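**Student:** One structure, as structure tokens, below. Some questions next.
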Amino acid sequence: MTSARGARRYFPTPLVGIAAILLVLILLTPVLIGSQVPAAGTIFTQAEVIVDYPTINTTTYLYLHAIGNIRYTSLSIGIAENYNWNAPPPIGSLVWGNWTNGTDLVAIGTSYSGNPIAINVSAYYSTTKVGSAWYVAIIAFEVSGTALLFRSYTAGVDVPRSIQLTGSQQPVAILLSDVGATR
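Letter by letter, the sequence shown follows residues 4 to 186 in this note's numbering.
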């Protein structure tokens, strides 16, 4: 048996090729992603709101941030206290108050102790090199017994119907809808 034939036996050509491709991808991925400003409307600029309702108190905590490590031009969370869960009003009749706003930030957060409430969240990402994107959502929720109930009023924003407050289903991360990316 020759040494070339023995090497092929232990290192088949297809597996060596796959290993080489994986090695190149591993080495180049940080260069391709980490050194550039993310393009608007990509997964790196996608915004999400986290809803957390600890069972030790009656306060809902809200956090708005990006999935990636980017800085938003503006972030906003508004709360409508006049939301009626049993007879949901038209969105246009809600009074948005208790605004938490930020500019040139990575994330913002707020808390509220009312029940039920609706939230109006938005994140605007803009750079001169790669365009801009708006991420928005209008979501209502209510604490009912040991469950947190959700409703989405924004197309493309998926929320669970309900989660149990006891257990490991919290906090809930909800992706916002991209309503306009320009490049």
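Where is the CB? At the ideal position from N, CA and C, for every residue including glycine.
Bear in mind the structure is a predicted one, so any value in this text is a computation, not a measurement.
Which term fits L67, buried or exposed, when burial requires 16 or more other beta carbons within 10 angstroms of its beta carbon?
**Tutor:** Classification for L67: buried.
**Student:** Have a look at V54, T131, N87 and Y128 and flag the residue whose alpha-carbon is nearest the alpha-carbon of N118.
**Tutor:** Selected option, being the one with the closest Cα: N87.
**Student:** Near G188, what residues of its chain come up, given a Cβ to Cβ distance below 6 Å and the 5 sequence neighbours on each side ignored?
**Tutor:** Within the shown structure, residues of the chain are numbered from 4 to 186, placing residue 188 beyond reach of any answer.
**Student:** Buried or exposed: I29, going by 16 or more other Cβ atoms within 10 Å of its Cβ?
**Tutor:** When all chains shown are included, I29 counts as exposed.
**Student:** Taking 8 Å as the cut-off, does the segment 57-73 touch the segment 41-48 (at least 3 CB pairs, one atom from each stretch)?
**Tutor:** Touching, yes, given that three or more Cβ pairs across the two stretches are closer than 8 Å.
**Student:** Quick check on the DSSP output: the beta strand (DSSP E) that includes Q167 runs from which residue to which?
**Tutor:** S165 to Q167 is the extent of the beta strand (DSSP E) around Q167.
**Student:** Can the beta-carbon of L151 be found closer than 7 Å to that of L168?
**Tutor:** Going by C-beta atoms, L151 is nearer than 7 Å to L168.
**Student:** Just mark S96 as buried or exposed, buried being the case when its beta carbon has 16 or more other beta carbons within 10 Å.
**Tutor:** Result: exposed.
**Student:** Hey, which unbroken runs of the beta strand (DSSP E) at 3 residues or more fall wholly within the segment 109-138?
**Tutor:** You should have 110-115 and 120-130.
**Student:** Assign T16 to buried or exposed, taking buried as 16 or more other Cβ atoms, counted over all protein chains shown, within 10 Å of its Cβ.
**Tutor:** The residue is exposed, with fewer than 16 neighbouring Cβ atoms inside 10 Å.
**Student:** Please state the DSSP three-state secondary structure of T48.
**Tutor:** The answer is coil: DSSP assigns T48 none of H, G, I, E or B.
**Student:** Is L78 buried or exposed, if buried means 16 or more other CB atoms sit within 10 Å of its CB?
**Tutor:** Answer is buried; the Cβ neighbour count reaches 16.
**Student:** Taking only three categories from DSSP, how would you classify I29?
**Tutor:** Of the three classes helix, strand and coil, the one that applies to I29 here is helix, per DSSP.
**Student:** Take the Cβ of T106 as the centre, count every other Cβ of all protein chains shown within 10 Å, and call the residue buried at 16 or more, exposed below.
**Tutor:** When all chains shown are included, T106 counts as exposed.
**Student:** Kindly give me the distance between the Cβ atoms of S135 and A43, rounded to whole angstroms, as I take these residues to be in contact under 8 Å.
**Tutor:** The pair is a contact, with the Cβ atoms about 5 Å apart (cut-off 8 Å).
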